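Trainee:
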Ligand SMILES: Cc1cc2nc3c(=O)[nH]c(=O)nc-3n(C[C@H](O)[C@H](O)[C@H](O)COP(=O)(O)OP(=O)(O)OC[C@H]3O[C@@H](n4cnc5c(N)ncnc54)[C@H](O)[C@@H]3O)c2cc1C
Ligand code: SF4
């Protein structure tokens, strides 16, 4: 509960960020380390609210509210306040396999539903989470946990993103022989190739992979299931298979000029940037240096592209959103404890603002066509402004605003308008049923129509969050253990 009167006496403080102009000169994490004192003060703000909404983990009005893995937030807040860091770590690890990831990049739906946030800024839960796990690693408290007994059951997991890793961790701890198949050259899924290094250092990801390996999990990298090994071979070799292949099929934008050079998907762009950082591979066509860059898509993936372009030395960066700017405060219909749909200046936009004097976001913009330089390379974008209203049924409709046409110079365009779902060929090869492009495997059971084949994470749920991937990885492990052994002691929380 923290200090009884802490929430009345202490203001919210968050991790200090490195200076935006300095940090865009490198690829290191943008947040600076924070002190134990500061975190203890923040822990003191947890108010013993009796019904802690911070860990409800529910969908309210289409967005997640509260922590989906039901982290025992008030308990570890109190333990941090008391300086009992090792105890706090034990509590944290009960529900979260990878707090070093969520403590860095989770959008923290817990904070939106923190009871303090009804009247004051929320407890800095995410920073506290990170402080606990970072201290755990720094102090050497995190040690490989080698399972004492083995069951002789074999499980194959396809995909090494947070869902696959969480499932692997749980099932390995239950004594099963776990092999993770990954087509990339490094494990981690979007944690490794997708989320940029300045948000989540790749050494932090690799540290966890190394630990899981030490604990007995086998990683087969550069191995694409469906190409290097068939689904039938897997089914014959393993007692169970879990599909954690993500939902990385990009949504395209089909407008005149789409075929011109210089127009790329966000994932290709971000992956290339991380590969260059890790391996030194260069690719001029995917480099923003000296270019006018336009990112189409107003979401977080787009923001990561903005931050990447800034570090590559872009001449200008704009990010187009079809939606209007969010309000500065919660509006009617978006009340606590729902996730606050309010304007915020994320790390990338702070950096753009410092560099160019404005954050680069352009609202209510629809791209109508790409314009060429006459040699098949993109040179500019033709756009129009959109008005957003509701129709008679209350549904949102967008209408072009006459006379709002504009032309924007751009030699590099990044498409970041979301993902259609998982790639289908592998799913067809397994013969699993689909539900609106996603794998049909009901939440809470996670089994597909194919005997012994389960699914979890974005491949089942659609593009979501790391914390949901961890939730699904843990839950599918519970179900697979039950399937293999007829009983299970692996935990379940069964969020909805
Ligand atoms: C650019 C970007 C930034 C994001 N930032 C955040 C963030 O800041 N915070 C947050 O909470 N969420 C973020 N997300 C969302 C989050 O990363 C995903 O929801 C999460 O990674 C999903 O985990 P997953 O394990 O289901 O799938 P993924 O992480 O997508 O992993 C799937 C893995 O399966 C592998 N695979 C696919 N097919 C095969 C095959 N046939 N054989 C072998 N391997 C295969 C892929 O190579 C991949 O490694 C972001 C997403 C993107 C795209
Ligand atoms: S995992 Fe995310 S939602 Fe849960 S406590 Fe951490 S920051 Fe909050």
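Residue numbers (our numbering): 198 to 693.
For each residue, glycine too, the CB sits at the ideal point set by N, CA and C.
Treat the numbers as computed from the prediction; the structure is a model and nothing was measured.
Does the Cβ of residue 664 lie closer than 8 Å to at least one heavy atom of ligand 2?
Mentor: Counting from 1 along the chain shown, the entry for residue 664 is found at position 467. Residue 664 Cβ: within cutoff of ligand 2.
Trainee: Please confirm if the segment 584-592 is in contact with the segment 469-480, defined as three or more CB-CB distances below 8 Å between the two stretches.
Mentor: Flag = no, the segment 584-592 and the segment 469-480 do not touch.
Trainee: What residue from 356, 401, 513 and 364 has the CA that sits closest to residue 420's CA?
Mentor: Within the chain shown, residue 420 is the residue found at index 223, counting from 1. Per the Cα distances, 356.
Trainee: On the criterion of 16 or more Cβ atoms from any shown chain inside 10 Å, does residue 231 qualify as buried, or is it exposed?
Mentor: Walking along the chain shown from the start, residue 231 turns up at place 34. That one is buried.
Trainee: Identify whether residue 323 lies in helix, strand or coil by the three-state DSSP scheme.
Mentor: One-based indexing of the chain shown puts residue 323 at position 126. Residue 323: helix per DSSP, three-state reduction.
Trainee: Are the CB atoms of residue 655 and residue 443 nearer to each other than 9 Å?
Mentor: Within the chain shown, the letter at position 458 stands for residue 655. Within the chain shown, the letter at position 246 stands for residue 443. Against a cut-off of 9 Å, the Cβ pair of residue 443 and residue 655 comes out as a contact.
Trainee: Straight-line CA distance for residue 692 to residue 603?
Mentor: Translated into the one-based positions of the chain shown, residue 692 becomes position 495. Translated into the one-based positions of the chain shown, residue 603 becomes position 406. Any answer about residue 692 is weak, because its pLDDT of 49 lies below 50 and its placement is not dependable; what the coordinates show is given next. When rounded, the distance between both Cα atoms is 46 Å.
Trainee: Whose C-alpha, out of 662, 370 and 353, is nearest the C-alpha of residue 436?
Mentor: Counting from one through the chain shown, the residue named residue 436 turns up at place 239. Per the Cα distances, 353.
Trainee: Can you name, in chain order, every residue of its own chain whose Cβ lies under 8 Å from the Cβ of residue 622, other than the five neighbours on each side?
Mentor: On the chain shown, position 425 is the one that residue 622 refers to. The residues are 423.
Trainee: Put residue 693 into one of helix, strand or coil per three-state DSSP.
Mentor: Walking along the chain shown from the start, residue 693 turns up at place 496. Since pLDDT at residue 693 reaches only 45, below the 50 mark, its modelled position is unreliable, and the value read off the structure follows with that caveat. Residue state, collapsed to three classes: coil.
Trainee: With a CB to CB cut of under 7 Å and the five nearest residues on each side skipped, what residues in its chain are close to residue 446?
Mentor: If you number the chain shown from 1, residue 446 lands on position 249. 616, 617, 618, 619 and 620, listed in sequence order.
Trainee: Is the closest heavy atom of ligand 2 to the C-beta of residue 265 under 8 Å?
Mentor: By 1-based counting over the chain shown, the position of residue 265 is 68. Yes, the beta carbon of residue 265 sits closer than 8 Å to at least one heavy atom of ligand 2.
Trainee: Are the beta-carbon atoms of residue 580 and residue 565 separated by less than 9 Å?
Mentor: Walking along the chain shown from the start, residue 580 turns up at place 383. Walking along the chain shown from the start, residue 565 turns up at place 368. Yes, the pair counts as a contact, with Cβ atoms nearer than the cut-off.
Trainee: How far does the alpha helix (DSSP H) with residue 655 in it reach, from first residue to last?
Mentor: Start at 1 with the first residue of the chain shown, and residue 655 comes out as number 458. Per DSSP, residue 655 belongs to the alpha helix (DSSP H) from 655-658.
Trainee: Once the 5 residues before and after residue 509 are set aside, which same chain residues still bring their CB inside 8 Å of it?
Mentor: As a position in the chain shown, residue 509 is number 312, starting the count at 1. 470, 484, 485 and 486, listed in sequence order.
Trainee: Tell me, please, which residues DSSP counts as bridged to residue 595.
Mentor: Start at 1 with the first residue of the chain shown, and residue 595 comes out as number 398. Looking at the DSSP assignment, residue 595 forms a beta bridge with 585.
Trainee: I need the straight-line Cα distance from residue 237 to residue 430, nearest angstrom please.
Mentor: Taking the first residue of the chain shown as position 1, residue 237 is located at position 40. Taking the first residue of the chain shown as position 1, residue 430 is located at position 233. In a straight line, the C-alpha of residue 237 is about 53 Å away from that of residue 430.
Trainee: Hey, is residue 300 close to ligand 2, as in C-beta under 8 Å from one of its heavy atoms?
Mentor: Numbered from 1 along the chain shown, position 103 holds the residue referred to as residue 300. For ligand 2, at least one heavy atom lies less than 8 Å from the Cβ of residue 300.
Trainee: Please report the straight-line C-alpha distance between residue 676 and residue 612, rounded to a whole angstrom.
Mentor: Sequence index remark: in the chain shown, residue 676 carries index 479 (1-based). Sequence index remark: in the chain shown, residue 612 carries index 415 (1-based). Computed Cα separation, rounded: 37 Å.
Trainee: Run through the DSSP bridge pairs and tell me what residue 648 is partnered with.
Mentor: The sequence position of residue 648 within the chain shown is 451, counting from 1. Answer is none; residue 648 lacks a bridge partner.
Trainee: Pull up the distance between the alpha-carbon of residue 376 and that of residue 404, whole angstroms please.
Mentor: On the chain shown, residue 376 is found 179 positions in, with the first residue counted as 1. On the chain shown, residue 404 is found 207 positions in, with the first residue counted as 1. The straight-line gap from Cα to Cα measures roughly 18 Å.
Trainee: Cβ-heavy atom distance between residue 296 and ligand 2 below 8 Å?
Mentor: Translated into positions along the chain shown, residue 296 becomes position 99. At least one heavy atom of ligand 2 is nearer than 8 Å to the Cβ of residue 296, so yes.
Trainee: Only counting runs of 3 or more residues, tell me where the beta strand (DSSP E) segments fall wholly within the segment 291-350, in order along the chain.
Mentor: If we require 3 residues or more, the segment 291-350 turns out to have no beta strand (DSSP E) run fully inside it.
Trainee: How many Å lie between residue 277 and residue 433 at the Cα?
Mentor: In the chain shown, counting from the first residue as 1, residue 277 sits at position 80. In the chain shown, counting from the first residue as 1, residue 433 sits at position 236. Each residue's Cα considered, the two are about 48 Å apart.
Trainee: Can residue 493 be considered in contact with ligand 1, in the sense that its beta carbon sits closer than 8 Å to one or more heavy atoms?
Mentor: Indexing the chain shown from 1 puts residue 493 at position 296. Residue 493 Cβ: outside cutoff for every heavy atom of ligand 1.
Trainee: Enumerate in chain order the residues of its own chain whose CB-to-CB distance from residue 365 is below 6 Å, with the five nearest sequence positions on each side excluded.
Mentor: Here residue 365 refers to the residue found at position 168 when the chain shown is read from its first residue. Cβ within range, chain order: 354, 375, 377 and 414.
Trainee: Please indicate yes or no: does the CB of residue 671 lie closer than 8 Å to some heavy atom of ligand 1?
Mentor: On the chain shown, position 474 is the one that residue 671 refers to. Answer for residue 671: no, Cβ out of range of ligand 1.
Trainee: Are there 16 or more other CB atoms within 10 angstroms of the CB of residue 518, so buried, or fewer, so exposed?
Mentor: Your numbering for residue 518 matches position 321 in the chain shown. Residue 518 is buried by the Cβ-count criterion.
Trainee: Have a look at the DSSP bridge pairing and note the partners of residue 160.
Mentor: In the structure as shown, the chain starts at 198 and stops at 693, and residue 160 therefore has no counterpart that could be examined.
Trainee: Report all residues from its chain with a CB closer than 7 Å to the CB of residue 217; omit the five preceding and five following residues, and keep chain order.
Mentor: Taking the first residue of the chain shown as 1, we reach residue 217 at position 20. For residue 217, where only same-chain residues beyond five positions count, the Cβ hits under 7 Å are 547, 548 and 551.
Trainee: Are three or more beta carbon pairs between the segment 522-538 and the segment 258-270 nearer than 8 Å?
Mentor: Contact holds: three or more Cβ-Cβ distances are below 8 Å.
Trainee: Looking at residue 360 and ligand 2, is the gap between the Cβ and the nearest heavy atom below 8 Å?
Mentor: Here residue 360 refers to the residue found at position 163 of the chain shown. Not under cutoff, so the answer is no.
Trainee: Can you list, in chain order, the residues of its chain whose CB lies under 6 Å from that of residue 333, leaving out five sequence neighbours each side?
Mentor: As a working note, residue 333 is residue 136 in the chain shown. Hits under 6 Å: 286 and 339.
Trainee: Exposed or buried, which one is residue 451 when buried takes at least 16 other CB atoms within 10 Å?
Mentor: On the chain shown, position 254 is the one that residue 451 refers to. Exposed, since its Cβ has fewer than 16 Cβ neighbours within 10 Å.
Trainee: Taking only three categories from DSSP, how would you classify residue 203?
Mentor: As a working mapping, residue 203 is identified with position 6 in the chain shown. Here residue 203 sits in helix by DSSP.
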